[in-house]
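In my numbering, the protein residues as written are 148 to 342.
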């Protein structure tokens, strides 16, 4: 199931990022915990400035695979290192912070710390976070791919209101469940399992 889940999540996030870009053609986007994500190449309109943020060793790997461009800047720091926000130059442009497939691995106090870094580091921003349902916390061992690793789901939510509770200066604008997208991607037999 995780293959289709990742596809649905990526498609949903791409759609939301594209909406933001359509409303803010010359914007700045930061991908927090970017890994080897290729979203920039899927959503680039030729004007956006993109920052990839991840651990230094991850950024080193990215640079082996992705061609350098003046509109894509890699930041090799932890998302919990508050100095990374100083590396992002918005120059008065609208800012979008995205994080996909990362927050569920942090502990609640680390989520709170990250939110404080964002609200103290930037005057204004929109954030789009991929959140895990709280019923899956501590259940990585039953996940079809994670059970082969030592990774653990540490944090989840019922809805996005928990994010606002951790950082009341934020306002929730919406919540999108990518299960609907998942239904369109699954082969017939698996569709019966999610309906």
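Backbone N, C-alpha and C define an ideal beta-carbon position, used for all residues, glycine too.
Owing to the predicted nature of the structure, the values given are computational and were not obtained by experimental measurement.
- Message: Using C-beta distances below 6 Å, list every residue in its chain close to residue 281, excluding the 5 sequence neighbours before and after it, in chain order.
- Response: Annotation for residue 281: 303, 304 and 305 place their beta carbon closer than 6 Å to its own, counting only its chain and skipping 5 residues before and after.
- What are the boundary residues of the beta strand (DSSP E) that includes residue 275? First-last of the beta strand (DSSP E) with residue 275: 273–276.
- Message: Buried or exposed for residue 159, going by 16 or more other Cβ atoms inside 10 Å?
- Response: The residue is buried, with at least 16 neighbouring Cβ atoms inside 10 Å.
- Item | Rounded C-alpha distance that separates residue 318 from residue 164 | Our two residues, residue 318 and residue 164, have alpha carbons roughly 18 Å apart in a direct line.
- Count the other C-beta atoms from every protein chain shown that fall within 10 angstroms of the C-beta of residue 339, then say buried if there are 16 or more, exposed otherwise. Caution is warranted here: a pLDDT of 46 is assigned to residue 339, below 50, making its placement in the model unreliable, and no coordinate value can be reported.
- Query: Taking just the CA atoms, how far does residue 313 sit from residue 279?
  - Reply: Answer to the nearest angstrom: the Cα atoms are 16 Å apart.
- Query: By DSSP, does residue 341 sit in helix, in strand, or in coil?
  - Reply: Below a pLDDT of 50, predicted positions are generally treated as unreliable, and residue 341, at 48, falls in that range; the measurement from the model is reported next regardless. In the three-state DSSP reduction, residue 341 falls in the helix class (H, G or I).
- Whole-angstrom C-beta distance between residue 268 and residue 229, which should lie under 8 Å: Rounded to whole angstroms, the Cβ separation of residue 229 and residue 268 is 7 Å, and the two are in contact under 8 Å.
- Item | Close Cβ partners of residue 206 (< 6 Å) along its chain, the five nearest in sequence each way excluded | Closer than 6 Å at Cβ, skipping near neighbours: 221 and 223.
- Query: How many Å lie between residue 187 and residue 315 at the Cα?
  - Reply: The straight-line gap from Cα to Cα measures roughly 30 Å.
- Can you grab the Cα-Cα spacing for the pair residue 195 / residue 234, in whole Å? Between residue 195 and residue 234, the C-alpha separation is close to 16 Å.
- Task: Determine the extent of the beta strand (DSSP E) in which residue 221 is found, giving its start and end residues.
- Result: For residue 221, the enclosing beta strand (DSSP E) stretches over residues 219–223.
- Can you tell me the Cα-Cα spacing of residue 277 and residue 214, whole angstroms? Distance from the CA of residue 277 to the CA of residue 214, rounded to the nearest whole angstrom, comes to 26 Å.
- Query: Taking buried to mean at least 16 other C-beta atoms within 10 Å of its own C-beta, is residue 321 buried or exposed?
  - Reply: With fewer than 16 Cβ atoms within 10 Å of its Cβ, residue 321 is classed as exposed.
- Task: Below 8 Å CB to CB, which residues in the same chain sit around residue 248 once its five sequence neighbours on both sides are set aside?
- Result: If the five residues before and after residue 248 are omitted, its C-beta is found closer than 8 Å to the C-beta atoms of 153, 156, 180, 182 and 277, all from its own chain and listed in chain order.
- Can you give the Cα-Cα distance for residue 245 and residue 254, rounded to whole angstroms? For residue 245 and residue 254, the distance between alpha carbons rounds to 18 Å.
- Mind checking residue 226: buried by the 16 CB within 10 Å criterion, or exposed? With 16 or more Cβ atoms within 10 Å of its Cβ, residue 226 is classed as buried.
- Task: Please list the segments of the beta strand (DSSP E) lying wholly inside the stretch 219–265, counting only runs of 3 or more residues, in order along the chain.
- Result: Complete beta strand (DSSP E) runs here, min 3: 219–223 and 242–246.
- Item | Distance CB(residue 285)-CB(residue 299) smaller than 8 Å | In this structure, residue 285 sits near residue 299, with a CB-CB distance shorter than 8 Å.
- Look at residue 167 and residue 243 and say whether their C-beta atoms are less than 8 Å apart. Yes, the pair counts as a contact, with Cβ atoms nearer than the cut-off.
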